[in-house]
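Going letter by letter, the sequence shown gives residues 17 to 158 in this note's numbering. Where is the CB? At the ideal position from N, CA and C, for every residue including glycine. Some notes on the structure that comes next.
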Amino acid sequence: MVTRFKQKINMPYSLHDMVVNSITCENETVYLEFEHGFVSTQEPYAQVDGKIAIENVDMDSACVLLLSKLGKYGRFDGVKVSLNDFIKQHGKCYFEIVDEMYGFNQVEYSGYPHLPKDNDFDLIQMSLSMYFDGDIVYKTEE
Numbered sequence: 017m018v019t020r021f022k023q024k025i026n027m028p029y030s031l032h033d034m035v036v037n038s039i040t041c042e043n044e045t046v047y048l049e050f051e052h053g054f055v056s057t058q059e060p061y062a063q064v065d066g067k068i069a070i071e072n073v074d075m076d077s078a079c080v081l082l083l084s085k086l087g088k089y090g091r092f093d094g095v096k097v098s099l100n101d102f103i104k105q106h107g108k109c110y111f112e113i114v115d116e117m118y119g120f121n122q123v124e125y126s127g128y129p130h131l132p133k134d135n136d137f138d139l140i141q142m143s144l145s146m147y148f149d150g151d152i153v154y155k156t157e158e
C-alpha cells in the first residue's frame, strides 16, 4: 500500500525579503511589524503596508536561534533563546526574512537580524520558530 500526502498552504502574502522592525508579544499573540509591509501572492503581486498577529502561540516553545557568523563553519557557535527573552533584549531590531515555512501549527521565519552590536561585516543567521493553534492575521492598510 502506498499513501501519498502533499500539504498545500496558500498564504495570502509573502514575507520574503521583507524587514520586520518590531516584534512584540501580548496575551500569547505575537505581533510582527514591517518596515514596508509585505507582498500579495495574487496578481499583480502588490506590496502592501501591514503587520501580522500570530494568535495562541505556545510561548514555552517559541524560540529564536542566533546562529554562527556567516562563513564560520565547523563547531556550532550560536545561541538559542526564548522568544520572550529575545523580545526583552532585541524587540526593536531589524530582521530581514529570507525564508518562511508553515505547517502543522508551526511557523518558522529565517533570515538576517541587524542587532545593535552587529556591524555590516558580522552577519549572523536568525531563525524565529513558533507553535500556535490560532490564526495568522494579516492587518493591512488596503
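By the 10 Å Cβ neighbour count, where 16 or more other Cβ atoms means buried, how is residue i classified, buried or exposed?
i	result
residue 136	Since pLDDT at residue 136 reaches only 49, below the 50 mark, its modelled position is unreliable, and the value read off the structure follows with that caveat. Exposed.
residue 78	buried
residue 60	exposed
residue 117	exposed
residue 67	buried
residue 92	exposed
residue 36	buried
For residue i, which residues from the same chain have a beta carbon less than 6 angstroms from its beta carbon, with the 5 sequence-adjacent residues on both sides left out?
i	result
residue 144	80, 125
residue 54	29, 31, 34
With C-beta atoms as the reference, is residue i less than 7 angstroms away from residue j?
i	j	result
residue 72	residue 127	no
residue 64	residue 156	yes
What are the boundary residues of the alpha helix (DSSP H) that residue i is part of?
i	result
residue 32	Counting along the chain, residue 32 falls outside any alpha helix (DSSP H), and DSSP gives it neither H nor E.
residue 105	99-106
Suppose the cutoff is 7 angstroms on Cβ atoms and the five residues either side in sequence are ignored; what does the same chain contact list for residue i look like?
i	result
residue 23	119
residue 173	Because the chain in this structure spans residues 17 to 158, residue 173 falls outside the shown range and cannot be described.
residue 44	72, 73, 75
residue 40	47, 103, 107
residue 27	57, 118
If you follow the beta strand (DSSP E) that residue i is in, where does it begin and where does it stop?
i	result
residue 23	Careful: residue 23 lies outside any beta strand (DSSP E) and carries neither H nor E.
residue 122	122-130
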